[in-house]
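**Q**
There are 2 protein chains.
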Amino acid sequence: VKTVAIFGAGLIGGSFALALKRAGFTGEILGVSSNAALTEALRLRIIDAAASEEQAAAEADLIYLAQPVGRILAILERLNAHVKPSALITDAGSTKAAIVEKAERYITRCQFLGGHPLAGKETRGVGAAEAEMFAGRTYVLTPTRERDLETGAAREFVDWLRRIGSIPRVYDARRHDEVVAFTSHLPQLCSTALAATLAEVFASGRSEAEAASGLGLRDTTRLALSSFDIWADILATNSKAVLGALDEFIRRLSEIRGKLGSEPAELRPVFELAADFALAVRGDTGTETKKF
Amino acid sequence: VKTVAIFGAGLIGGSFALALKRAGFTGEILGVSSNAALTEALRLRIIDAAASEEQAAAEADLIYLAQPVGRILAILERLNAHVKPSALITDAGSTKAAIVEKAERYITRCQFLGGHPLAGKETRGVGAAEAEMFAGRTYVLTPTRERDLETGAAREFVDWLRRIGSIPRVYDARRHDEVVAFTSHLPQLCSTALAATLAEVFASGRSEAEAASGLGLRDTTRLALSSFDIWADILATNSKAVLGALDEFIRRLSEIRGKLGSEPAELRPVFELAADFALAVRGDTGTETKKF
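Each protein sequence line maps, in turn, to chains A and B. Using my numbering, the letters of the first sequence correspond one by one to residues 1 to 292. Using my numbering, the letters of the second sequence correspond one by one to residues 1001 to 1292.
(1) Which residues, taken in chain order from the region 168 to 184 of chain A, show a beta carbon closer than 7 Å to some beta carbon of chain B?
(2) Classify A:G283 as buried or exposed, calling it buried when 16 or more other Cβ atoms lie within 10 Å of its own Cβ.
(3) Where do the ends of the alpha helix (DSSP H) carrying B:R1169 lie?
(4) A:W160 CB to nearest chain B CB: under 8 Å?
(5) Please confirm if B:K1290 has its CB atom under 8 Å from at least one CB of chain A.
(6) Within the 8 Å Cβ cut-off, does A:P85 reach chain B?
(7) Looking at the structure shown, is A:H176 part of a helix, part of a strand, or coil, going by DSSP?
(8) Using a Cβ distance threshold of 8 Å, determine whether the region 1182 to 1191 of chain B contacts the region 168 to 179 of chain A, with at least three qualifying pairs required.
(9) For B:G1258, is the classification buried or exposed, using 16 other Cβ atoms within 10 angstroms of its Cβ as the cut-off for buried?
(10) Let's test the definition: count the other Cβ atoms within 10 Å of the Cβ of B:V1281 and tell me whether it reaches 16, buried, or not, exposed.
(11) Give the range of the beta strand (DSSP E) segment to which A:P117 is assigned.
(12) Hey, could you find the ends of the beta strand (DSSP E) A:G31 is sitting in?
(13) Can you name the residues of chain B whose CB is closer than 8 Å to the CB of A:E40?
(14) Shorter than 7 Å, the distance from the beta carbon of A:I230 to the closest heavy atom of the ligand ATP, or not?
(15) Counting pairs of Cβ atoms below 8 Å between the region 1041 to 1054 of chain B and the region 1005 to 1019 of chain B, do you hit three or more?
(16) Given this structure, state the Cα-to-Cα distance separating A:T142 from A:P168, to the nearest angstrom.
(17) Any Cβ of chain A within less than 8 Å of the Cβ of B:S1052?
(18) Roughly how many angstroms separate the alpha carbons of B:G1311 and A:A193, rounded to a whole number?
(19) I want to verify the contact list: residues of chain B whose CB lies under 8 Å from the CB of A:D276, in sequence order.
(20) Take A:I164 as the anchor and find which of A:A103, A:P264, A:F134 and A:V100 has the nearest alpha-carbon.
(21) Use the C-beta contact count for B:G1261: other C-beta atoms within 10 angstroms, 16 or more gives buried, fewer gives exposed.
(22) How big is the Cα-Cα spacing for A:E59 and A:A154?
(23) Check each residue of the region 1206 to 1227 of chain B: if its Cβ is closer than 7 Å to any Cβ of chain D, include it; give the result in chain order.
(24) So A:T220 and A:S191 are in contact, right, with Cβ under 8 Å, and what is the actual spacing, rounded?
(25) Near B:E1288, what residues of its chain come up, given a Cβ to Cβ distance below 7 Å and the 5 sequence neighbours on each side ignored?
(26) Could you give the C-beta distance for B:A1196 and A:V270, rounded to a whole number, given that I count them as a contact under 8 Å?
(27) Using a C-beta to C-beta distance shorter than 9 Å, which residues of chain A count as neighbours of B:A1239?
(28) Consult DSSP for A:K121 and reduce its assignment to one of helix, strand or coil.
(29) Whole-angstrom Cβ separation of A:E130 and A:S15, contact assumed at under 8 Å?
(30) With DSSP collapsed to three states, give me the class of B:V1242.
(31) Run through DSSP, which three-state label would B:E1288 get?
(32) Closest by CA to B:E1156, which one among B:L1215, B:E1053 and B:L1062?
(33) Between A:V1, A:A37 and A:Y171, which lies nearest to A:K21 when the distance is taken from Cα to Cα?
(34) Should A:A193 be flagged as near chain B, meaning a C-beta pair shorter than 8 Å?
(35) Take B:I1230 and list the residues in its own chain whose beta-carbon comes closer than 7 Å to its own, dropping the five residues that flank it on each side.
(36) Under a CB-based cut-off of 8 Å, is A:V270 close to chain B?
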C-alpha cells in the first residue's frame, strides 16, 4: 500500500489516517470530504492532500470509506469505474449486510472487504480524531468468500489493522448486524429513550433532575449524545433486527415492572443474570470500580 | 461533635469516616457493623473502635446510619431509648419518605435529619471506601420542619458535609423519592433489563456478544453490576414512583419502536430531545469526549 484514500475525513477516517502514520505508514494519504473537513484535516496534518472522488479512487491502493452508511451505499455505485484493479476497497460502516450486498453488485473491478471498527466517541469530526482510537478494540471484517482474506491486498490491510492495535475478527455480515442490534443499537435506543423520558418528566424543572443526577445517569445517558445524522442510516439499514431487539427489551422491562408490582423478591434472579452478563462483557473479574 | 458512630461500616459509612478524618475531624469514630466489616474497618484505620449498637448510640454526638434502607428502618425503632438528647441522627439511605416517616414516629429524644449522598460505586464494602467519595457530589437533606436545619447539631453536620466537599441540597422527602425514581432507580432498572436481555439472547454464545461490545455497552450495563441486596430495599420503599417511571419509559420505547417501524425520520426530534437533556445533565457544553 503506497497510497491510501480516506473517504470521509471525520472522526473515524481521521483516526484511521493518524493510526496508520503512528504505526509507520509512510505512503501518501489522500482525503475526500467536505471542504471544511479537508481544510481541518490538512491543517492537523491528518491527510497529506485533498482529492476529488475520481482522482482518489484512481490513485489509491487502499480506499477507506468512513462516511455514514447512507453515503457509503451511494458511493459504492460510483467507484467501480475509477479504481485500480489491484486496489482494495474497505469501509467502516456500522451495519454490514446492506453495504456488502451493494458492493457485491457494483464493485467488480477490484476487491471489496467490509469492515466495522468497534470504536468511536460521541464527538464527531476530524478534530476529535485520535491515533489510539482502535487500540485494543475489535475490528470486524465481513468477507463473503473464504479467499477474501487471502489476497495480497487483504493480508496487507489486516496486517495494518493489527499494527494500529485493533483486533480483527471475522463475522458473517448478516450475523454482525444481528449481534450489533443488541450490543450497540439497542443500548443506543435505550439511552436515547431514557434521556427523552427524563427530558419530558423534568421539562419544567430540569435543575431538580440535574441536581439529583449521579454518575449512573451520566453513564446511561452518554450514548444519547450521539448524532441522529449517523443513527438514521444505521437504523434504516438494520431495522428488522433492531425492532426485534426492542421487542425483547420491552418484554423484559414489562416483566420487571410486573414483578416489582407484585413479588419484588422475584427480581433477584433478573438482577443476578444481568450482573453476571455485565461482568462478562467487561472481560475481567470486576476490578473496574468507577464511581457513580 | 466529639464522637461519631457509623452504623454500617461499608462503602458509604467507611467513606464518610475517611472523609471526616481527611477534613480535619479529630474526635472518635465508632463503628457498628458485622464482625467482618469491623475487623476490616479497624485494620484500615477507618474507624477507631468497634461498639455495640447501644453503646454507640449512648456515646455518639452524631449517629450516621449507612446501612441498606431496610436495616435503617429497623434500627430506627430501637435507637431512641439509648441516644443522648443533644445527638443528631442522620442516615444515608437511598429513599427518604419511609425513613423520615419512621423517624418522625420513633425518634423523640433527639433530632433526626434525613440525608442521601448521591455517591457510590458498584463495588460494595469498606475496603472500597474513599475519602473523596462525596467530593463535588450533591448531598440531599430532607428536613421536615424549617427549624430542622437551624439547630446547632444540624448546622455542625451541614458544615462537615461542606468540608468533605459535598454540596448540600434540601428536598422534600417525597419529592426526593419521585425525582430519584427517574434519575437513579429507572437508570438502574434500565441497565439491569438491558444486560438481562443480552444475557438471554446470547446465552449460548456469549463470546460473540463480548467481542462485539463497545464501550457504549459497558457504560449502559455498568449499573447492572449493582447488588440486589441493596436494590430490594430501595425498590420496596419507592415502588409506586418506580412503577410510574417504568411506565413512562416503556411508553417512550414503544413510541420509538413504532416510529422505527413506520417513519424513522420522525425519530430525529426524540434523539434531539434526548441529546439536549444528556448534555444538560453533564452541566457543561459537551467537552466530555469519552470513547465508546
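Backbone N, C-alpha and C fix where the C-beta goes; we use that ideal spot for every residue, glycine too.
**A** Inspection of the coordinates gives the following:
(1) In summary, the residues of the region 168 to 184 of chain A whose CB is separated from some CB of chain B by less than 7 Å are R169, V179, V180, F182, T183 and S184, in the order they occur in the chain.
(2) Here A:G283 is exposed, its C-beta having fewer than 16 other C-beta atoms within 10 Å.
(3) Not the alpha helix (DSSP H): B:R1169 falls in the beta strand (DSSP E), residues I1167 to V1170.
(4) Residue contact check for A:W160 against chain B: no CB pair falls below 8 Å.
(5) With a pLDDT of 47 at B:K1290, under the threshold of 50, the modelled position of that residue is not reliable, and the figure given next carries that caveat. Taking Cβ atoms only, chain A reaches closer than 8 Å to B:K1290, which makes this a yes.
(6) Chain B, which has no Cβ nearer than 8 Å to the Cβ of A:P85, makes this no.
(7) A:H176: helix per DSSP, three-state reduction.
(8) Because the criterion of three Cβ pairs below 8 Å is not met, the region 1182 to 1191 of chain B and the region 168 to 179 of chain A do not touch.
(9) Counting every other CB atom within 10 Å of its CB across the protein chains shown gives B:G1258 a total below 16, marking it as exposed.
(10) Classification of B:V1281: buried, given that the 10 Å Cβ count is 16 or more.
(11) That run of the beta strand (DSSP E) goes Q111 to P117.
(12) Boundaries of the beta strand (DSSP E) around A:G31: E28 to V32.
(13) The contact set of A:E40 on chain B, defined by CB atoms closer than 8 Å, is empty, because the minimum CB distance reaches about 16 Å.
(14) Judged by which ligands are present, the structure shown has none, so any question about the ligand ATP falls away.
(15) Of all C-beta pairs linking the region 1041 to 1054 of chain B to the region 1005 to 1019 of chain B, three or more are shorter than 8 Å, placing the two stretches in contact.
(16) When rounded, the distance between both Cα atoms is 10 Å.
(17) So, not an interface residue.
(18) Nothing can be reported for residue 1311 of chain B: it is not among the residues displayed for chain B, which extend from 1001 to 1292.
(19) In chain order: A1199.
(20) Ranking A:A103, A:P264, A:F134 and A:V100 by CA distance to the CA of A:I164 puts A:F134 first.
(21) A residue is called buried once 16 or more other Cβ atoms fall within 10 Å of its Cβ, and B:G1261, having fewer, is exposed.
(22) Each residue's alpha carbon lies about 18 Å from the other.
(23) The question asks about chain D, but that chain is absent: this structure's protein chains are A and B.
(24) Yes, they are in contact, since the Cβ atoms of A:T220 and A:S191 sit about 6 Å apart, within 8 Å.
(25) Note that B:E1288 has pLDDT 40, beneath the 50 cutoff, so the model's placement of it is unreliable and no number is given.
(26) In this structure B:A1196 touches A:V270 by the C-beta definition: roughly 5 Å separates them, less than 8 Å.
(27) In the sequence on display, residue 1239 of chain B carries Ser and not Ala. Neighbours of B:S1239 on chain A, chain order: L260, G261 and P264.
(28) Strand at A:K121.
(29) Right, the Cβ-Cβ distance comes to about 5 Å (below 8 Å), so this counts as a contact.
(30) Secondary structure at B:V1242: helix, using DSSP grouped into helix, strand and coil.
(31) Confidence in B:E1288 is poor, its pLDDT being 40 and thus under 50, which makes the residue's placement unreliable; the coordinate value appears in the next sentence. In this structure, B:E1288 counts as coil in the three-state DSSP scheme.
(32) Comparing Cα positions, the closest option is B:L1062.
(33) Ranking A:V1, A:A37 and A:Y171 by Cα distance to A:K21 puts A:V1 first.
(34) For A:A193, at least one C-beta of chain B is nearer than 8 Å to its own C-beta.
(35) Contacts found: P1068.
(36) Chain B contact via Cβ: present.
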